[in-house]
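Below you'll find the structure, written out as structure tokens, and then a few comments.
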Amino acid sequence: MNTKVTIAGVEFKNPVMTASGTFGSGMEYGEFVDLNKLGAVVTKGVANVPWPGNPTPRVAETYGGMLNAIGLQNPGIEVFVERDLEFLKQYDTKVIVNVCGKSIEDYVEVVERLSDEAVDMLEINVSCPNVKEGAIAFGQNAKALSEITAEIKKKAKQPVIMKLSPNVTDITEMAKAAEAAGADALSLINTITGMKIDIHRRAFALANKTGGMSGPAIKPVAVRMVYQVANAVNIPIIGMGGIANAEDAIEFIMAGATAVSIGAMNFINPYATVETVEGIEKFMQEKGIADINEIIGCVK
Amino acid sequence: MAQKKKVVAKVFRQDEIATDIYDMWIETDLAKDAKPGQFISVYPKNKATLLPRPISICEVNEEKTMLRIVYRVAGQGTAEFSGYHTGGEITILGTLGNGFSTEKADGKRVFLMGGGIGVPPMLQLAKELKFRGKAQSVSAILGYRNELFLCDDFKSYADLYVATEDGSSGSKGTVMDAIRENDLKGDIIMACGPMPMLRAIKKFAEDNGMEAYISLEERMACGVGACLGCVCTTKEVDHHSHVKNARICTDGPVYDAKEVMI
Chain A
-10 MNTKVTIAGV EFKNPVMTAS GTFGSGMEYG EFVDLNKLGA VVTKGVANVP
40 WPGNPTPRVA ETYGGMLNAI GLQNPGIEVF VERDLEFLKQ YDTKVIVNVC
90 GKSIEDYVEV VERLSDEAVD MLEINVSCPN VKEGAIAFGQ NAKALSEITA
140 EIKKKAKQPV IMKLSPNVTD ITEMAKAAEA AGADALSLIN TITGMKIDIH
190 RRAFALANKT GGMSGPAIKP VAVRMVYQVA NAVNIPIIGM GGIANAEDAI
240 EFIMAGATAV SIGAMNFINP YATVETVEGI EKFMQEKGIA DINEIIGCVK
Chain B
1071 MAQKKKVVAK VFRQDEIATD IYDMWIETDL AKDAKPGQFI SVYPKNKATL
1121 LPRPISICEV NEEKTMLRIV YRVAGQGTAE FSGYHTGGEI TILGTLGNGF
1171 STEKADGKRV FLMGGGIGVP PMLQLAKELK FRGKAQSVSA ILGYRNELFL
1221 CDDFKSYADL YVATEDGSSG SKGTVMDAIR ENDLKGDIIM ACGPMPMLRA
1271 IKKFAEDNGM EAYISLEERM ACGVGACLGC VCTTKEVDHH SHVKNARICT
1321 DGPVYDAKEV MI
């Protein structure tokens, strides 16, 4: 039985990854799961300099999901390379670094700094809804997305994944723009912008007022977008958005995702990633699927 | 530190000990390594309310086979927990957070201060300070809106002082009023309670040259230090964030009051 998948020449032992921002760099969840069993660890977004993030409260629960407005708090690329990448070297799993910035120059600085590091792929965050400058501004305009993708591709030594926002009118337009500008793969979806009001305090639940919604409640939106994008571009897709278990993961794969990421569900079940890996194998056995690649995009 | 685990445990018993305040004993081996001031995360069974609820550990039984939590029903999740009965299952993650260090109280006059639903975690601390037997004195100074709970439990381990907002028991006002009214003198404060109380304690400790360790609360998601949802601003750059935003769930919830900007 083969569970290996390949994205832009990088081979993953299985299609299960961690969604950026929900798994740190694996240290915290390494207490619960064997990181060697994961297809890849996708790290929390890192910028050229430390970012303090947003004021608290930064998280709020919603029906079947949650809102977050962390604001990409990160220690900056130098600490990240010395601490987080060093930590990840101990494991036999692929490392995908999520990169954030306020300007194209910021992104490029991080991308160049990572050139000679033990990093398998770069995931470019142009879709975080919780920071005012950069990030999502690049992800909601096809021209801006195309420009940043092209600039990063010029400098990047590793294959580049552009992470797309669902907060657009037509996600296939963004996907096509990224593909045309040279993106090697796409990941989608980032969180959906939302809001929650505490009626007793007459106040926003989040200090940032709005936040990004994630969790099982958003899954049908994510599956729909993965399907649309898979049928609009020829580059591989890493699908995510509310995946809780193997059944959900397989749904994304059948919609057209080559790999999948577990995000908010790590908070609810710290064993979710490895359970999903095992569940996919079990499903393949039961259904007589010899190669996971057979079912990628099998539902048309 | 003991490894964190998510486990399905058994409810040993549960009682409502004041209006909307529930007292639950849980049979779990997580009790083995539990420290005062640490917490567990409790997962609702209802799939609409997914995130775990952080609840402080109130007490550990002598055999270290059970944890006691005392919590207020504040929403759907805690409302669900309040309906659990003896023998029922409860899903928990623990033990989380740093907790109070009892050695810091050695040779000192200790104020254990709890306000409202911040009272419960001070009980295990009072108990451990009593067993350690190295503090010069231990005063439990507890503040309530009006209805008291857990006061009798504290009497076995500490000198008890109570404040109520309406003056129905003890001093009228807050825990700070109880200190003044009883002319209490101490060297070190260990506290948990609402933010205005913790701010008052931080100032009181600074004004009176006392040490203070305070347990902070914030909206949490993962509870294990990955999501960076529950941070507090620190005075100095901390080892993890490098941006003066330490994680309450993992680097806290107990901080030296001097080190946090609240």
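Line by line, the protein sequences are chains A and B.
Residue numbers for the first sequence, in this note's numbering: -10 to 289.
Residue numbers for the second sequence, in this note's numbering: 1071 to 1332.
Note that CB positions come from ideal geometry on N, CA and C, so glycine has one too.
In this text the structure is predicted, and so the values were computed from the model without any measurement.
Any idea what DSSP makes of residue i, helix, strand or coil?
i	result
B:LEU1166	strand
A:THR265	helix
A:ASN(-10)	Per the sequence presented here, residue -10 of chain A reads as Met, with Asn not at that position. In this structure, A:MET(-10) counts as coil in the three-state DSSP scheme.
A:TYR18	helix
A:ALA131	helix
A:ALA219	helix
A:ALA145	coil
B:GLY1158	coil
B:ILE1110	strand
A:GLN274	helix
A:THR77	It is Leu, not Thr, that sits at residue 77 of chain A in the sequence shown. A:LEU77: helix per DSSP, three-state reduction.
B:ASP1103	helix
A:CYS63	Note that residue 63 of chain A is Asn in the sequence shown, not Cys. A:ASN63 falls in the strand class under three-state DSSP.
A:VAL48	strand
A:ASN43	coil
A:LYS26	helix
A:VAL35	strand
A:VAL157	coil
A:ALA192	strand
B:ALA1175	helix
A:ALA58	coil
A:THR(-5)	strand
B:VAL1143	coil
A:LYS294	As displayed, chain A neither begins before -10 nor continues past 289, which places residue 294 of chain A out of reach and without an answer.
B:GLY1243	coil
Need the endpoints of the beta strand (DSSP E) that residue i sits in, please.
i	result
A:TYR298	One cannot answer for residue 298 of chain A here, as it falls past the ends of chain A, which runs -10 to 289.
B:TYR1214	1207 to 1214
A:ALA8	No beta strand (DSSP E) contains A:ALA8, which DSSP labels as neither H nor E.
B:PRO1124	1123 to 1126
B:ASN1131	Run containing B:ASN1131: none; DSSP gives neither H nor E here.
A:PHE1	-1 to 1
A:THR199	199 to 203
B:ASP1093	1091 to 1097
A:GLU112	110 to 114
A:ALA174	174 to 177
B:SER1238	No beta strand (DSSP E) holds B:SER1238; DSSP gives it neither H nor E.
B:LYS1080	1075 to 1088
A:VAL182	Just to set this straight, residue 182 of chain A is Thr in the shown sequence, not Val. Per DSSP, A:THR182 belongs to the beta strand (DSSP E) from 181 to 184.
A:ILE227	226 to 229
A:VAL120	Taken as a continuous stretch (DSSP letters only), A:VAL120 belongs to no beta strand (DSSP E), as it is neither H nor E.
A:ALA248	248 to 251
A:LYS83	83 to 88
Can you tell me the Cβ-Cβ gap for residue i and residue j, rounded? I've got them flagged as a contact below 8 Å.
i	j	result
A:VAL99	A:VAL35	6 Å
B:TYR1092	B:SER1152	5 Å
A:LYS2	A:THR(-5)	About 11 Å; that fails the 8 Å criterion.
B:LEU1286	B:GLY1322	6 Å
A:GLU106	A:VAL70	6 Å
B:THR1161	A:GLU50	B:THR1161 to A:GLU50, Cβ: 16 Å. No contact.
A:THR11	A:ASN255	5 Å
A:LYS33	A:GLU101	About 20 Å separates the two Cβ atoms, so there is no contact after all.
A:GLY228	A:VAL210	Going by Cβ atoms, the distance from A:GLY228 to A:VAL210 rounds to 12 Å, so no, they are not a contact pair.
A:VAL222	A:GLU168	5 Å
Locate the alpha helix (DSSP H) running through residue i, then write down its first and last residues.
i	result
B:PRO1190	1190 to 1202
A:MET163	160 to 169
A:ASP237	235 to 244
B:ASP1223	1221 to 1225
B:THR1148	1146 to 1151
A:ILE257	254 to 257
Taking 8 Å as the cut-off, is the CB of residue i close to at least one heavy atom of the ligand GTP?
i	result
B:ASP1236	In the structure shown, the ligand GTP is absent, as is every other ligand, since no ligand is present at all.
Sequence ranges, beta strand (DSSP E) only - wholly within the stretch 1245 to 1331 of chain B, length at least 3: 1258 to 1262, 1281 to 1285, 1301 to 1303, 1315 to 1317 and 1324 to 1326
Cβ-based contacts, 7 Å cut-off: residues of the stretch 1164 to 1176 of chain B near chain A: none
Taking beta-carbon pairs under 8 Å, can you tell me which members of the stretch 30 to 54 of chain A lie near chain B? LYS33, PRO39, TRP40, PRO41, GLY42, THR45, PRO46, ARG47, VAL48, ALA49, GLU50, TYR52, GLY53 and GLY54
Return the residues of the stretch 1310 to 1327 of chain B that lie within a Cβ-Cβ distance of less than 8 Å from chain A, sorted by chain order. HIS1310, SER1311, HIS1312, VAL1313, LYS1314, ASN1315 and THR1320
Could you name the residues of the stretch 0 to 12 of chain A whose beta carbon sits closer than 9 Å to any beta carbon of chain B, in the order they occur along the chain? GLY10, THR11 and PHE12
Residues of the stretch 233 to 251 of chain A with Cβ closer than 8 Å to any Cβ of chain B, in chain order: none
Residues of the stretch 1279 to 1303 of chain B with a CB closer than 9 Å to any CB of chain A: list them in chain order, please. GLU1288, ARG1289, MET1290, ALA1291, CYS1292, GLY1293, VAL1294, GLY1295, ALA1296, CYS1297, LEU1298, GLY1299, CYS1300, VAL1301, CYS1302 and THR1303
Along the stretch 1112 to 1124 of chain B, what residues have a CB closer than 9 Å to any CB found in chain A? TYR1113, LYS1117, ALA1118, THR1119, LEU1120, LEU1121 and PRO1122
In the stretch 65 to 89 of chain A, which residues sit with their C-beta less than 7 Å from some C-beta in chain B, listed in chain order? GLY65 and VAL68
Please list the residues of the stretch 251 to 264 of chain A that have a C-beta atom closer than 9 Å to any C-beta atom in chain B, keeping them in chain order. ALA253, MET254, ASN255, PHE256, ILE257, ASN258, PRO259 and TYR260
Interface positions of the stretch 196 to 224 of chain A facing chain B (Cβ-Cβ less than 9 Å), listed along the chain: GLY204, PRO205 and ALA206
Using a Cβ-Cβ cut-off of less than 9 Å, list which residues of the stretch 1071 to 1089 of chain B approach chain A; keep chain order. GLN1073, LYS1074, LYS1075 and LYS1076
Scan the stretch 129 to 148 of chain A for residues whose Cβ lies nearer than 7 Å to a Cβ of chain B and list them as they occur along the chain. none
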